[in-house]
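In my numbering, the protein residues as written are 122 to 676.
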Amino acid sequence: MNIDLKIAQAAVLEPIDKIAHKAGIPEEYLEMYGKEKAKVNIKLMETLADKPDGKLVLVTAINPTKAGEGKSTTTIGLADGLSKVGKNVMACLREPSLGPVFGLKGGATGGGYAQVVPMESINLHFTGDMHAITTANNLIAALLDNSIFQGNPLNIDPARVTWKRCLDMNDRTLRDITIAQKKKSNGVEREDHFVITVASEVMAILCLSKDLQDFEKRIGRAVVAYTYDDQPVTVDDIQAAGAATVVMKEAINPNLVQTLEHTPTFIHGGPFANIAHGCNSVIATKMALKLADYVVTEAGFGADLGAEKFLDIKCRLAELEPSAVVVVATIRALKMHGGIEQESLDQPNIEAMLAGAKNLQKHIETVQSFKLPFIVAINKFAKDSKEEVDALLAWCHKNNYPVAEADGWAKGSDGMLDLADKVVEITDHACKYQPIYDVEASIETKITKICETVYGSPHVEFSELTKTKIQDFIKHGWDKLPVCMAKTPLSLSDDPTLKGRPENFVTHITDISVSAGAGFVVVYTGNVLTMPGLPKVPAAVNMGIDENGEIYGLF
Numbered sequence: 122m123n124i125d126l127k128i129a130q131a132a133v134l135e136p137i138d139k140i141a142h143k144a145g146i147p148e149e150y151l152e153m154y155g156k157e158k159a160k161v162n163i164k165l166m167e168t169l170a171d172k173p174d175g176k177l178v179l180v181t182a183i184n185p186t187k188a189g190e191g192k193s194t195t196t197i198g199l200a201d202g203l204s205k206v207g208k209n210v211m212a213c214l215r216e217p218s219l220g221p222v223f224g225l226k227g228g229a230t231g232g233g234y235a236q237v238v239p240m241e242s243i244n245l246h247f248t249g250d251m252h253a254i255t256t257a258n259n260l261i262a263a264l265l266d267n268s269i270f271q272g273n274p275l276n277i278d279p280a281r282v283t284w285k286r287c288l289d290m291n292d293r294t295l296r297d298i299t300i301a302q303k304k305k306s307n308g309v310e311r312e313d314h315f316v317i318t319v320a321s322e323v324m325a326i327l328c329l330s331k332d333l334q335d336f337e338k339r340i341g342r343a344v345v346a347y348t349y350d351d352q353p354v355t356v357d358d359i360q361a362a363g364a365a366t367v368v369m370k371e372a373i374n375p376n377l378v379q380t381l382e383h384t385p386t387f388i389h390g391g392p393f394a395n396i397a398h399g400c401n402s403v404i405a406t407k408m409a410l411k412l413a414d415y416v417v418t419e420a421g422f423g424a425d426l427g428a429e430k431f432l433d434i435k436c437r438l439a440e441l442e443p444s445a446v447v448v449v450a451t452i453r454a455l456k457m458h459g460g461i462e463q464e465s466l467d468q469p470n471i472e473a474m475l476a477g478a479k480n481l482q483k484h485i486e487t488v489q490s491f492k493l494p495f496i497v498a499i500n501k502f503a504k505d506s507k508e509e510v511d512a513l514l515a516w517c518h519k520n521n522y523p524v525a526e527a528d529g530w531a532k533g534s535d536g537m538l539d540l541a542d543k544v545v546e547i548t549d550h551a552c553k554y555q556p557i558y559d560v561e562a563s564i565e566t567k568i569t570k571i572c573e574t575v576y577g578s579p580h581v582e583f584s585e586l587t588k589t590k591i592q593d594f595i596k597h598g599w600d601k602l603p604v605c606m607a608k609t610p611l612s613l614s615d616d617p618t619l620k621g622r623p624e625n626f627v628t629h630i631t632d633i634s635v636s637a638g639a640g641f642v643v644v645y646t647g648n649v650l651t652m653p654g655l656p657k658v659p660a661a662v663n664m665g666i667d668e669n670g671e672i673y674g675l676f
């Protein structure tokens, strides 16, 4: 059995009302989902308005590899470590998508002795938020196509429908489809495609909304299509905002669970960071900041994606002031960035590891560009050699990078005390956080700034399609929105095969779209897929339930 699952199944959980009491959440604001998880009514925020905010700590990482980085494990372990040193702390995480759970990546609940539980429930249906998001999205799609079928009163061009149906599953066959085939009674036939639920604008809107009323306003202004005379059609235009909001009535409330060491944790919202903005909900983050003195959160993939969007989009739109950043790296992943193949990672190789540290260095420079204090967390693996760890520590010290070893996977909070103490230390100093671009700048300027500053790309090429769309966006007033970059997470470049720290490369801007409800422009680079596919051997084929009713194969 997978060791993470075994540890999670053996855990003795506290009743969730006890965890809520520990977090300072009155019982009347709890909506119970069994004994081990609950939703917290957003109305609690009205009672917390006068409380000062705690300190917000972001956990990010180097570019991911097959060797693993352990960002969620570090986030959870750090929260437990801070609790162990006597701090009032909460963690804020994203909800896992079923696509990766049944595909290749697995779940998103941490690992070893740094996990959130109930692990199986969180990684599967949880409290139904993903289903609500999927339903709201597809309700809008159905009402849109029905409007076209029922006489098309809005003069919508069926070839310019931009709102896509979604599914919380990896299914490459749905990338390009034709709907309403054969019979006229089926609707107006047109080409279409699905996106994975976590890439939908409904997910982005949920995660950036202040409350249910804000959600309704945001979803109402989301663009779903264009007319024959080039005018945008919104969710409000097809009169779908109210119904979509009804579907999201429960999903708007954050979900409360616990770590293995009973640290209160919000898990709410889960946009991917390679094709969306990669952060948990503003609602959960702001509620946690009122309840705790320290809030530890994560942003998806490396600092080139999740952290950049957390700092340029989420913090900007939600007026959040982060206090520090933890940059996670592993010996194994650095060796892969240094040119070592996966099958050779167990062999000590200091030279390759230090070569791969150039990737870590670029992500540190990105964090520094936001004027934020940081610390490197060396997430420990059992087969890391002492010589390799010592060499990375020496490299950090030589470059004056604060650093700590993180052994939460094997030791839980006991393995995170050094990191916890150093995080407390760096957050005691005032910082001068600032986004890296002016939101009032042109779309081209904002994109170029990210490519140069965050990716290290000296050259940016805009496709003719992108150039044409930018002119249209200016007409509609969308050019003053933040930009959300869609890029491979596997490289600083838009080429997933370029590891380490590529130099003198070109970033190819292939297309742009607007998420007017979420409040940003999505910028596509290279060949980014919004509906992933399954690998040759999906994780799903090794899953099941044994004679005792226990799940196996889930990770």
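By construction, the Cβ of each residue, glycine as well, lies at the ideal position given by its N, Cα and C atoms.
All values derive from a computational prediction rather than experimental measurement.
### Query
Where residue 555 and residue 605 are concerned, what is the direct C-alpha to C-alpha distance, given to the nearest angstrom?
Distance between the alpha carbons of residue 555 and residue 605 is about 17 Å.
### Query
How about the segment 313–322 and the segment 641–652: do they share at least three Cβ pairs that are nearer than 8 Å?
Cβ pair count under 8 Å is three or more, so yes.
### Message
Checking the sheet assignment: what are the DSSP bridge partners for residue 232?
### Response
In DSSP, residue 232 forms a bridge with 235.
### Message
Less than 7 Å between the C-beta atoms of residue 158 and residue 378, yes or no?
### Response
Contact flag set, yes.
### Task
Just grab the DSSP bridge partners of residue 313 for me.
Looking at the DSSP assignment, residue 313 forms a beta bridge with 298.
### Message
Spatial neighbours of residue 235 within its chain, please: C-beta separation below 7 Å, excluding the five flanking residues on both sides.
### Response
These residues qualify, in order along the chain: 194, 197, 198, 201, 529, 530, 533.
#### Entry: Own chain partners of residue 270 with C-beta closer than 7 Å, once the 5 adjacent residues on each side are dropped
Its chain contains 308, 309 as the residues whose beta carbon lies nearer than 7 Å to that of residue 270, once the 5 sequence neighbours on both sides are disregarded; these appear in chain order.
### Message
Tell me the rounded alpha-carbon separation between residue 122 and residue 437.
### Response
Low local confidence applies: a pLDDT of 46 at residue 122 is under 50, so the model's placement there is unreliable, and no value is given.
### Message
On a Cα-Cα basis, can you pick out the residue from 374, 491, 192, 299 that is closest to residue 406?
### Response
When only C-alpha atoms are compared, the closest one is 374.
### Query
Can you give the Cα-Cα distance for residue 327 and residue 421, rounded to whole angstroms?
Spanning the two alpha carbons is a distance of roughly 17 Å.
### Message
Which complete beta strand (DSSP E) runs does the segment 598–635 hold, if anything under 3 residues is left out?
### Response
Complete beta strand (DSSP E) runs here, min 3: 604–607.
### Task
Could you tell me whether the segment 212–225 touches the segment 509–520, where touching means 3 or more Cβ pairs closer than 8 Å?
No contact exists between the segment 212–225 and the segment 509–520.
#### Entry: Entirely enclosed beta strand (DSSP E) segments - the segment 410–459, minimum 3 residues
The segment 410–459 contains these whole beta strand (DSSP E) runs: 415–419, 443–450.
### Message
Quick check on this structure: which residue in 148, 217, 190 has the alpha carbon closest to the alpha carbon of residue 447?
### Response
When only C-alpha atoms are compared, the closest one is 190.
### Task
For residue 336, name the three-state secondary structure that DSSP assigns.
Annotated three-state conformation of residue 336 is helix, per DSSP.
### Query
DSSP on residue 361, reduced to helix/strand/coil?
Residue 361 carries a coil assignment under DSSP once its states are collapsed to helix, strand and coil.
### Task
In angstroms with no decimal places, state the Cα-to-Cα distance between residue 458 and residue 274.
So the two alpha carbons sit approximately 55 Å from each other.
### Query
Hey, out of 492, 452, 503, whose CA is closest to residue 509's CA?
Checked all of 492, 452, 503; the closest Cα to residue 509 is 452.
### Message
Once the 5 residues before and after residue 393 are set aside, which same chain residues still bring their CB inside 7 Å of it?
### Response
Listed in chain order, the non-local C-beta contacts of residue 393 below 7 Å within the same chain comprise 319, 320, 399, 421, local neighbours out to five positions each way being set aside.
### Message
Please determine whether the Cβ atom of residue 550 lies at a distance below 6 Å from any heavy atom of the ligand SAH.
### Response
The ligand SAH is not among the ligands present in this structure, which contains no ligands whatsoever.
#### Entry: Three-state secondary structure (DSSP) of residue 122
Per-residue confidence for residue 122 stands at a pLDDT of 46, beneath the threshold of 50, marking its modelled position as unreliable; the derived number appears in the next sentence. DSSP, reduced to helix, strand and coil, places residue 122 outside both helices and strands of the structure shown, so it counts as coil.
### Task
Please report the Cβ distance between residue 616 and residue 647, rounded to the nearest whole angstrom; I am assuming they are in contact, meaning their Cβ atoms lie under 8 Å.
Beta-carbon to beta-carbon, residue 616 and residue 647 are separated by about 7 Å, close enough to satisfy the 8 Å threshold.
### Task
Identify every residue that forms a DSSP beta bridge with residue 379.
Answer is 238, 385.
### Task
Take the Cβ of residue 597 as the centre, count every other Cβ of all protein chains shown within 10 Å, and call the residue buried at 16 or more, exposed below.
Counting other Cβ atoms within 10 Å of its Cβ, residue 597 stays below 16 and is therefore classed as exposed.
### Task
State the CB to CB distance for the pair residue 160 and residue 371, rounded to an integer number of angstroms; the pair is presumed to be in contact (CB under 8 Å).
Confirmed, about 7 Å.
### Query
With contact counted as at least three CB pairs below 8 Å, one residue from each stretch, are the segment 623–632 and the segment 255–266 in contact?
In short, these stretches do not touch, since the Cβ pair count stays below three.
### Message
So, for residue 251: in the same chain, excluding its five sequence neighbours on each side, which residues have a beta-carbon less than 6 Å away from its beta-carbon?
### Response
So the list reads 289, 318, once near-sequence residues are dropped.
### Query
Beta carbon of residue 183, beta carbon of residue 475: below 7 Å?
Taking 7 Å as the Cβ cut-off, residue 183 and residue 475 do not qualify as a contacting pair.
### Query
Of all the alpha helix (DSSP H) runs that stay within the bounds of the segment 156–189, which reach a length of 4 or more residues?
Taken in chain order, the complete alpha helix (DSSP H) segments of 4 residues or longer contained in the segment 156–189 are 165–168.
### Message
Would residue 523 and residue 499 be called neighbours here (beta carbons separated by less than 7 Å)?
### Response
Taking 7 Å as the Cβ cut-off, residue 523 and residue 499 do not qualify as a contacting pair.
### Query
For residue 611, which residues from the same chain have a beta carbon less than 7 Å from its beta carbon, with the 5 sequence-adjacent residues on both sides left out?
184, 185, 617.
### Query
Is it buried or exposed for residue 645, if we count other Cβ within 10 angstroms and need 16 for buried?
Buried, since its Cβ has 16 or more Cβ neighbours within 10 Å.
### Task
Mind listing, in chain order, the continuous alpha helix (DSSP H) runs of no fewer than 4 residues lying wholly within the segment 509–550?
DSSP runs (the alpha helix (DSSP H)) wholly in the segment 509–550: 529–532, 538–548.
### Query
With contact counted as at least three CB pairs below 8 Å, one residue from each stretch, are the segment 218–228 and the segment 332–342 in contact?
With a cut-off of 8 Å, the segment 332–342 and the segment 218–228 do not count as touching, because too few Cβ pairs lie within range.
### Message
Contact between the segment 136–149 and the segment 239–253 is defined here as three or more beta-carbon pairs at a separation below 8 Å; is this criterion met?
### Response
The segment 136–149 vs the segment 239–253: no contact.
### Rounded distance between the beta-carbons of residue 443 and residue 179, thought under 8 Å
Rounded, the Cβ-Cβ distance is 6 Å, consistent with contact.
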